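Scroll down for the structure; my scribbles are underneath it.
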Amino acid sequence: MAKARSRGARALIWLVVLIAGLVGVNFSAVQWGGGSWTPQLALDLEGGTQIVLAPVVAEGAQVTQEQLDQAVAIIRQRVDASGVSEAEITTQGGRNIVVAIPGEPDAATMQRIQASAKMEFRPVLQSAAANVPGETPAPSESTPPAEPAATPENAWDQAWITPELQAEFDAFQCADVDTTTVAPADEPFITCSTDQTARFILGPVTVEGSDIADAQVSAATNSQGQATGGWAVSLELDGEGPAGFEATTRAITGLPEPQNQFAVVLDSTVLMPISSNAIITDGNARITGGFTQEAAQGLADQLRFGALPIGFEVQSNETISATLGADQLRAGLLAGLIGLILVVVYSVFQYRALGLVVVLSLGIAAILTYLTVTFLSSTEGYRLSLAGVAGLVIAIGITADSFIVYFERIRDELREGKHLTSALETGWKRAFRTILVSDAVSFLAAVILFLLSVGNVRGFAFTLGITTFIDIVVVALFTHPLLRLLSRTSFFSSGHRWSGLDPQALGAVYRGRAKFREPVAAGRGARSAKEAQKRQTIAERKSAMAASNGKED
Amino acid sequence: MASLTSVGNELYTGERSLPVVAKRKLWLSIAVGILIALALGTIIRGGFVFGIEFTGGSEFRVTGISEASTDGAAEAVEAIAPEAEARAVTLGSDTVRVQTDAVSEEQAAEIRAALADTYGVDSGEVAFSFIGPSWGADISQQALRALVVFLVLVSIVLAVYFRTWKMSVAALASLAFDLLVTAGVYGIIGFEVTPAAVIGFLTILGYSLYDTVVVFDKVRENTAPGTSGELLDNINLAVNQTLVRSINTSIVATLPIAAVLFIGALLLGAGTLRDISLALFIGTIVGTWSSIFVAAPVYAQLRQHDAIAEVTEKPRNERGAVV
């Protein structure tokens, strides 16, 4: 008995440790990770716009996860550029991109999000550091072209720089870059580097992104073919690419900087200016220049993405006003409260004092769930949606079900004529197995739903999965240990009629050690008499077996 | 103590007994009859009603109206997009929903302004959503994939746990019954099938099996090798012994779902809450029925010529037997 008590107490201590641990990680997330003590809300509860995009690719082409990730990076860049803060862009279900924006995006932002990324190579005509916003730009240091009126003959011709263009360039602010409208391919334009540190005047397009066949990271080598320890990006062109590339490199190689550079342009901003050191005739270029492996990989990924421009189709676009969001949240919480009260009332009605154990257990489950959801919200960016709230409310019932399975098991054992203490242990052993396998099935359903779905379904599956897991924790670390401790109080062990475990009310056949009352009276014909007979045999057989095994239980 | 407890006692001892196994052919015929009736009813009524998420279109929700009425809503929309076929309904006391065929973004902006004007609210109170026609198809395809993966995995889990494929088959039969009946109720009444309803539908999977597992666990215990009595009688006793438990777990599971359904339908009208909980509400009730009147009879039918196995090992090592 003392052993059982210490085991019960130990489980409760573990629970306290678990809760303290969760509070601790939440505290550290709030203190140092910019987290919060309340879960973040999804757009349907907070108000905002959620856009689900599906990539549009050529017939038969498959979108790889890598391309999706690239697309997300590009869309993020576009949304950030539009000045919308706190946008969340994620991939879901392996093919969709979900853009969640607080408030409402304007038409330009919508267009920006949907536009397909456009990559192109353009020669650099002039470059300079970015102008500092707010300061009057210094006059250009570069000499204006000698014959500004001349008609440019090719893409790298300095004659593209008209005095107007030069003036515009001198005053250009990088914040003004419009990534939605790509400049016409046969005209020069002014833009900035993606990180907004440099501005450029670029000539017309010489190589289209669609002519990029492949781009790979490789170890950089010197002219003798020996590894230099650096990283390079091997670029392979096809279609019109090699010819355009050859013409460009032939013309600009050897010119002074920046005229010897061409720019890799994505969405109208310059990813990187690249100096041409050799004439490339076969469309196979190697880009080197002090890359880290990561930077090289990044460039290669972007170049590959440029090779397969993905457009996006809006699959759904949902705007929720802040009022509607607040209404939905209130309704969800209200439903939860009502559901909780109903469950509590029913449990107390059915299980008397045990009903209070249900209430306490649900309370513990609620605390664990809240802390877990808040922690995931702080660290993993999980957002509670309306469907998630529905999942939490519905979980109340499923969690309480575990307690019922357990209580009914104990009652079964009491009906068999066992003492409360042993009824508790045997009942627990069997009930826990049932709870484990049932929860495993529920958990499986939740995980599969989560992995294979988009949007709302995910939020729902997520909360359902969490609560299923917490259900097991609570029933093992709280409900059962608590009952163990309670079973030592005379209120429960004497089977008080309000305890919910009254052997008398349960029609227990046990009448002291190895004594059983007469079989349950059979007044309902031969059939029930037969059943009753059998019922008694089960009890007797068990007691006989226990006795022969020399065990009390 | 509540009379359910004494009924439970009588069911436990066998003094009172539902002839679940003895009348299994009757129960199974009823199940098949229900399915046929629902299928015919759905066909006669004209198939399923799919929500805008499946057909594609635009939806406007005006919230914060002092008195919700659909007056003027359709006119306001048709003045801007004449061919859009506006359908307006009130939701709760302060919300009007207008669904239309797909409209362009410019039109949508104008319609929002017009609706805000009509109802005298700020245009920020007019929520707008657009759903492309492929959205619903996409979500149902994923749901179907999830369903298949789940069924395969769960039948393996059950077969391993119960150590007999017959229980696995019976559990899946009752699961199929739950899903079909729930779908049938949607079809016969004409509830709108939305992605949220599909979520609820998929959640039935977990719940339905939970119930069946609880019943089968007791069946397994009562029919463990070496147990005395006839196999079918013991199955019947197991089902009866878990009856009170099934009723209690079902009621407790249904109460919060009912709360969500009630609040969802009353306060928010058609939407995520109502759609998820409606499917689940039907599914839980059907699930309770099927774990008793479908799963157990099917299992009994599969094992009708079997007998309880003899103990082959020492009693203390036997599986699932009493301690």
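Protein chains in written order, with full-length UniProt numbering: chain A, 1 to 553; chain B, 1 to 323. For each residue, glycine too, the CB sits at the ideal point set by N, CA and C. This structure is a prediction, so every number in the text was calculated from the model and none was measured.
(request) Could you run through the segment 414 to 426 of chain A and flag, in chain order, every residue whose CB is less than 8 angstroms away from some CB of chain B? (result) If the cut-off is 8 angstroms between Cβ atoms, the segment 414 to 426 of chain A has R415, T426 near chain B.
(message) Can you pull the chain A neighbours of R61(B), defined as C-beta to C-beta under 7 angstroms?
(response) Within chain A, the residues whose beta carbon sits less than 7 angstroms from that of R61(B) are L324, listed in sequence order.
(request) Report back the beta-carbon spacing between A102(B) and V294(B) to the nearest angstrom; my notes put them in contact at under 8 angstroms. (result) With a Cβ gap of about 43 angstroms, A102(B) and V294(B) do not count as contacting.
(request) Return the chain-ordered ranges of every beta strand (DSSP E) run that is complete within the UniProt domain "SecDF P1 head subdomain" (199 to 310) of chain A and spans a minimum of 3 residues. (result) With a minimum length of 3 residues, the continuous beta strand (DSSP E) runs that stay inside the UniProt domain "SecDF P1 head subdomain" (199 to 310) of chain A are 212 to 221, 227 to 237, 261 to 266, 269 to 275, 284 to 291.
(request) Indicate whether the contact test is met: 3 or more Cβ pairs, each with one atom in the segment 278 to 289 of chain B and one in the segment 199 to 213 of chain B, closer than 8 angstroms. (result) Enough Cβ pairs lie closer than 8 angstroms, so yes.
(request) Evaluate the contact criterion for the segment 357 to 373 of chain A versus the segment 220 to 232 of chain B: three or more CB pairs, one atom per stretch, below 8 angstroms. (result) Contact between the segment 357 to 373 of chain A and the segment 220 to 232 of chain B is not established, with fewer than three Cβ pairs separated by less than 8 angstroms.
(message) Do A219(A) and A227(A) count as a contact pair if the criterion is CB distance below 7 angstroms?
(response) For the 7 angstroms CB-CB criterion, A227(A) and A219(A) form a contact.
(message) Please tell me whether I111(B) has its Cβ less than 7 angstroms away from any Cβ of chain A.
(response) So no, I111(B) is outside the interface.
(request) Would you tell me roughly how many angstroms separate the C-alpha atoms of A529(A) and S17(B), rounded to the nearest one? (result) Residue placement at A529(A) is flagged as unreliable, the pLDDT there being 42, under the threshold of 50; the coordinate-derived value follows with that caveat. Straight-line spacing of the CA atoms in A529(A) and S17(B) works out to 11 angstroms.
(request) Alpha carbon to alpha carbon, how far is K166(B) from R303(B)? Give it in angstroms, no decimals. (result) Distance between the alpha carbons of R303(B) and K166(B): 8 angstroms.
(message) Can you find the residues in the same chain that come closer than 8 angstroms, C-beta to C-beta, to Q241(B), ignoring five residues on each side of it along the sequence?
(response) Cβ within range, chain order: L11, Y12, K218, N222.
(message) Tell me the DSSP secondary structure of I308(B) in three-state form.
(response) If DSSP states are grouped into helix, strand and coil, I308(B) belongs with coil.
(request) Determine the chain A residues that contact F128(B) at a beta-carbon separation under 7 angstroms, and present them in chain order. (result) What F128(B) touches in chain A, judged by beta-carbon distance under 7 angstroms, is T319, going in chain order.
(request) Could you tell me if E294(A) is buried or exposed, where buried requires 16 or more neighbouring beta carbons within 10 angstroms of its beta carbon? (result) Exposed: under 16 other Cβ atoms inside 10 Å.
(message) Check whether chain A comes within 7 angstroms of A146(B), counting only Cβ atoms and requiring the distance to be less than that.
(response) Yes, because at least one Cβ of chain A sits closer than 7 angstroms to the Cβ of A146(B).
(request) Run the CB neighbour count on residue 568(A), radius 10 Å, all protein chains shown included, and call it buried at 16 or more, exposed below. (result) There is no way to answer for residue 568(A), as the model of chain A reaches only from 1 to 553.
(message) Can you find the residues in the same chain that come closer than 6 angstroms, C-beta to C-beta, to R527(A), ignoring five residues on each side of it along the sequence?
(response) Annotation note: pLDDT 46 at R527(A) (below 50); position unreliable, no value reported.
(request) Just tell me which of I113(A), V177(A), Q70(A), V389(A) has its CA closest to the CA of R458(A). (result) R458(A) has its Cα closest to that of V389(A), out of I113(A), V177(A), Q70(A), V389(A).
(message) Given this structure, state the Cα-to-Cα distance separating T399(A) from L362(A), to the nearest angstrom.
(response) Roughly 7 angstroms between the two C-alpha positions.
(message) Tell me the rounded alpha-carbon separation between residue 575(A) and V213(B).
(response) No answer is possible for residue 575(A): the residues shown for chain A start at 1 and end at 553.
(message) Let's test the definition: count the other Cβ atoms within 10 Å of the Cβ of R61(B) and tell me whether it reaches 16, buried, or not, exposed.
(response) With a 10 Å radius around the Cβ and a threshold of 16 neighbouring Cβ atoms, R61(B) comes out buried.
(message) So, at 6 angstroms on beta carbons, what are the nonlocal neighbours of A395(A) in its own chain, with the 5 sequence-adjacent residues on each side left out?
(response) Once the five neighbours on either side are set aside, the close Cβ partners of A395(A) are T467.
(request) Select from the segment 381 to 403 of chain A all residues with a C-beta closer than 7 angstroms to any C-beta belonging to chain B, and list them in chain order. (result) Along the segment 381 to 403 of chain A, the positions whose C-beta sits under 7 angstroms from a C-beta of chain B are L386, A387, A390, V393, I394, I396, G397, I398, A400, D401, read in chain order.
(request) Work out the CA separation of R430(A) and Y161(B) for me, nearest whole Å. (result) If I take the Cα positions, the gap works out to 14 angstroms.
(request) Specify the secondary structure class of T434(A) as computed by DSSP and reduced to three states. (result) Looking at T434(A) - three-state DSSP - the assignment turns out to be helix.
(request) Using a threshold of 7 angstroms, state whether the C-beta atoms of L486(A) and F492(A) are closer than that. (result) Less than 7 angstroms divides the Cβ of L486(A) from the Cβ of F492(A).
(message) For the structure I just gave you, are there three or more beta carbon pairs, one from the segment 149 to 156 of chain B and one from the segment 70 to 87 of chain B, closer than 8 angstroms?
(response) Flag = no, the segment 149 to 156 of chain B and the segment 70 to 87 of chain B do not touch.
(request) Output, in chain order, the set of chain B residues within a Cβ distance shorter than 8 angstroms of T434(A). (result) Ordered by position in chain B, the residues that pass the 8 angstroms Cβ test against T434(A) are V213, V214, D217.
(request) Name, going along the chain, the residues of the segment 283 to 299 of chain B whose beta-carbon falls closer than 9 angstroms to a beta-carbon of chain A. (result) Contacts with chain A (Cβ-Cβ distance below 9 angstroms) from the segment 283 to 299 of chain B involve T284, listed in chain order.
(message) Since A263(A) and P273(A) should fall inside the 8 angstroms C-beta cutoff, what is the C-beta to C-beta distance between them, to a whole number of angstroms?
(response) Contact between A263(A) and P273(A) holds, since their C-beta atoms are separated by about 5 angstroms, short of 8 angstroms.
(request) Output yes or no for whether 7 angstroms exceeds the beta carbon distance between E240(A) and D211(A). (result) Closer than 7 angstroms, so yes.
(message) Mapping the DSSP letters down to three states, classify F130(B) as helix, strand or coil.
(response) Reduced to three states, the DSSP call for F130(B) is strand.
(message) Could you tell me the alpha carbon to alpha carbon distance between Q126(A) and D282(A), rounded to whole angstroms?
(response) Whole-angstrom Cα-Cα distance: 27 angstroms.
(request) Identify the contact partners of G332(A) in chain B, using a Cβ-Cβ distance below 7 angstroms as the criterion. (result) Chain order gives the chain B residues near G332(A) as L273, where near means a beta carbon separation below 7 angstroms.
(message) Taking the alpha carbon of G64(B) as the reference point, which residue from G120(B), P256(B), G132(B), R245(B) has its own alpha carbon closest?
(response) Ranking G120(B), P256(B), G132(B), R245(B) by Cα distance to G64(B) puts G120(B) first.
(message) Using DSSP's beta-bridge definition, name the partner residues of residue 574(A).
(response) Residue 574(A) falls outside the range modelled here, since chain A spans only 1 to 553, and no answer is possible.
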